[in-house]
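For what it's worth, full-length UniProt numbering labels the leading residue of the sequence shown as 1, then goes sequentially.
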Amino acid sequence: MMSQFNICFGPYHDLLASLTVHLEQWVFQALFARALARGLQNPLWWSRRRYI
Numbered sequence: 001m002m003s004q005f006n007i008c009f010g011p012y013h014d015l016l017a018s019l020t021v022h023l024e025q026w027v028f029q030a031l032f033a034r035a036l037a038r039g040l041q042n043p044l045w046w047s048r049r050r051y052i
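Structural data, given as structure tokens:
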């Protein structure tokens with residue numbers, strides 16, 4: 001699938017790859033920030049997760 005993708009979007013591959021990396025980083029940071037905020041608001045959530 002990726003080979004067909006590269007053939008179709010050859011000139012745009014670098015741009016698309018960098019956009020994908022930025023998107024993944026943004027999503028990861030958003031999820032991490034949400035989990036961190038939830039953990040700070042609810043300390044029991046951390047201890048409960050640690051013992052599971």
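Backbone N, C-alpha and C fix where the C-beta goes; we use that ideal spot for every residue, glycine too.
Pairwise C-alpha distance: residue j and residue i
| i | j | result |
| --- | --- | --- |
| L40 | L23 | 26 Å |
| F32 | L15 | 26 Å |
| H13 | T20 | 10 Å |
| R34 | S18 | 24 Å |
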